[in-house]
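This report concerns only the one structure given below.
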Amino acid sequence: MPSQNKIKKLTILSLILASGIALNLVEPPFLFFLAPGIKIGFSNIATLFALYYFGGIEAVLIGALRPIIVSLIKGNIFTLEFILSFSGSISASILMLVFKKAGGKKISIKGVSIIGGITHNLAQFMVIYVVTLNKLLLFYLPLLLFFGGVSGFIIGLITQFLINRLKKFEDEEKLTPW
28 MPSQNKIKKL TILSLILASG IALNLVEPPF LFFLAPGIKI GFSNIATLFA LYYFGGIEAV
88 LIGALRPIIV SLIKGNIFTL EFILSFSGSI SASILMLVFK KAGGKKISIK GVSIIGGITH
148 NLAQFMVIYV VTLNKLLLFY LPLLLFFGGV SGFIIGLITQ FLINRLKKFE DEEKLTPW
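For the sequence shown, my numbering gives the first residue as 28, with consecutive numbering after it.
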């Protein structure tokens with residue numbers, strides 16, 4: 028029988044995953060009308076949050092499961108949209124984990140998130156480039172990398188705020204006598 032700690036961890040992971048799925052489903056497909064395919068990627072908050080709350084492979088698990096479940100809900104599993112989403116999410120999750128572990132306290136949550144945003148866009152770009160072999164896409168790459176960094180910074184700020192609020196809440200819970 029699983030221990031209370033394992034049940035609590037699984038419950039929290041499930042809530043984080045569900046939050047990421049919900050954020051993905053409600054976010055508009057394109058925020059920047061001048062640059063097709065670019066959005067903030069609010070669902071990546073779930074992955075970054077899991078990385079800093081649990082500190083490891085759980086973030087990669089969230090990064091892998093979220094695009095799979097979203098694609099099942101949308102009915103586009105194994106389409107190009109799914110492949111783009113999955114490749115970006117899993118690449119960003121793995122690289123953020125590597126940089127968080129390697130950088131320790133030297134790289135802030137915003138820095139790790141910027142790396143994730145850039146990696147996410149770069150992975151998606153590589154998939155599109157391999158599929159189309161259109162060299163003109165290379166002119167779009169700097170814009171994608173720039174917005175990946177901006178999106179990563181925004182996601183890092185939001186996630187840092189959420190983590191700080193959670194720590195404050197957890198500290199208050201320890202003081203509650205009941």
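Where is the CB? At the ideal position from N, CA and C, for every residue including glycine.
Use the C-beta contact count for G175: other C-beta atoms within 10 angstroms, 16 or more gives buried, fewer gives exposed.
In the sequence shown, residue 175 corresponds to position 148, counting from 1. Burial call: buried.
Roughly how many angstroms separate the alpha carbons of L37 and K195, rounded to a whole number?
Taking the first residue of the sequence shown as position 1, residue 37 is located at position 10. Taking the first residue of the sequence shown as position 1, residue 195 is located at position 168. Note on geometry: alpha-carbon atoms of L37 and K195 lie some 22 angstroms from one another.
Once you ignore the five residues that flank I141 on each side, which residues in its own chain have a CB closer than 7 angstroms to its CB?
Taking the sequence shown and counting its residues from 1, one reaches residue 141 at position 114. For I141, where only same-chain residues beyond five positions count, the Cβ hits under 7 angstroms are G176, G179, F180 and G183.
Where does S135 land, buried or exposed, given buried means 16+ other C-beta within 10 angstroms?
Numbered from 1 along the sequence shown, position 108 holds the residue referred to as residue 135. S135 should be labelled exposed.
Between the region 122-133 and the region 159-175, do three or more beta carbon pairs fall short of 8 angstroms?
A contact is defined here as three or more CB-CB pairs under 8 angstroms, and the region 122-133 fails this definition with respect to the region 159-175.
Are G144 and R93 closer than 9 angstroms when you measure CB to CB?
The count along the sequence shown starts at 1 and reaches residue 144 at position 117. The count along the sequence shown starts at 1 and reaches residue 93 at position 66. Contact flag unset, no.
Go ahead and pull the three-state DSSP assignment for Y156.
Position 129 of the sequence shown, counting from 1, holds the residue named residue 156. Three-state DSSP puts Y156 in a helix.
Can you look up N51 in the DSSP assignment and give me helix, strand or coil?
The sequence position of residue 51 within the sequence shown is 24, counting from 1. If DSSP states are grouped into helix, strand and coil, N51 belongs with the helices.
Measure the C-alpha to C-alpha separation of G138 and F69 and round it to an integer number of angstroms.
On the sequence shown, position 111 is the one that residue 138 refers to. On the sequence shown, position 42 is the one that residue 69 refers to. Cα to Cα, the separation comes out at about 16 angstroms.
In or out: F105 buried (at least 16 other Cβ within 10 Å) or exposed?
Within the sequence shown, numbered from 1, the residue matching residue 105 stands at position 78. So F105 ends up on the exposed side.
Mind checking L193: buried by the 16 CB within 10 Å criterion, or exposed?
Locating residue 193 in the sequence shown gives position 166, where the first residue counts as 1. So L193 counts as exposed.
Roughly how many angstroms lie between the CA atoms of V63 and V87, to the nearest whole one?
By one-based count along the sequence shown, residue 63 stands at place 36. By one-based count along the sequence shown, residue 87 stands at place 60. For the record, residue 63 in the displayed sequence is Pro; it is not Val. Cα to Cα, the separation comes out at about 27 angstroms.
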